[in-house]
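Novice: Numbering (the numbering used here), first residue to last: 310 to 454.
C-beta atoms are modelled at their ideal positions from N, C-alpha and C, and glycine is treated no differently.
Fair warning: this is a prediction, and the values are worked out from it, not measured in the lab.
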Amino acid sequence: MSFDKEWSAARATATANVSRRLNQAPADPGGGGGSGGGGGDLELNQDHIGAIGSDAYKLHTRLQTDGKHAASATVEAAGALTKEGFASGAALLKANSVWESQVKTLVAACATISNGLNYSLSSHAKDEQQLHADFTASAIDKYLK
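#1: Verify whether the separation of the beta carbon atoms of residue 426 and residue 358 is less than 8 Å.
#2: Kindly list the residues whose CB is nearer than 6 Å to the CB of residue 422, restricted to its own chain and excluding five residues on each side of it in sequence; keep chain order.
#3: Taking Cβ to Cβ, would you say residue 417 is nearer than 8 Å to residue 405?
#4: If you follow the alpha helix (DSSP H) that residue 377 is part of, which residue opens it and which one closes it?
#5: Among the residues of its own chain, which have a CB less than 8 Å from the CB of residue 377, if the five just before and after it don't count?
#6: Please report how far the alpha carbon of residue 312 lies from the alpha carbon of residue 384, in whole angstroms.
#7: Going by DSSP in three states, residue 425 sits in which element: helix, strand or coil?
#8: Quick one: using the 10 Å Cβ neighbour count with 16 as the cut-off for buried, is residue 394 buried or exposed?
#9: Mind checking whether residue 381 and residue 390 have CB atoms under 8 Å apart?
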């Protein structure tokens with residue numbers, strides 16, 4: 310089968326398997342009035358966000374050490390191959406250099422994810438506290454009592 314035919318078949322299958330496309334929020338998300346239906350409200354599950362941030366931090370920490378696990382052996386092997394006149398020595402050094410660059414990029418991405426999620430949790434908690442304080446101190450609170 311040619312690439313074009315295979316690609317067309319894959320696209321047709323993917324299109325047929327799409328069960329729902331979200332163009333707008335449902336008119337009545339909870340099946341009734343009020344909240345609690347889990348509709349269009351933004352929900353921040355701190356436990357889930359915290360777990361993802363923790364996993365990103367653990368991956369970051371492990372990658373910093375495990376990502377360099379074979380570096381010295383690789384450089385040593387590349388040096389030995391080069392000394393014996395094998396072109397694969399230089400190729401191995403280049404592969405190691407690319408690997409180190411990719412590990413650094415991945416470590417930085419994990420740090421960004423972890424720090425961003427921690428900031429989001431902290432920021433959300435502060436916003437919630439401020440909103441609670443504002444509503445408690447506002448005139449609305451007087452009318453609700």
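Specialist: This is what the structure gives:
#1: Yes, these two residues count as a Cβ contact at 8 Å.
#2: Within its own chain, the residues whose Cβ lies closer than 6 Å to the Cβ of residue 422, once the five positions on either side in sequence are excluded, are 365, listed in chain order.
#3: No. Outside cutoff.
#4: Following the DSSP letters along the chain, one finds residue 377 in no alpha helix (DSSP H), marked with neither H nor E.
#5: Residues of the same chain with a CB within less than 8 Å of the CB of residue 377, apart from the 5 flanking positions on each side, are 409 and 412 in chain order.
#6: Answer to the nearest angstrom: the Cα atoms are 40 Å apart.
#7: Residue state, collapsed to three classes: helix.
#8: Residue 394 comes out exposed.
#9: Contact flag unset, no.
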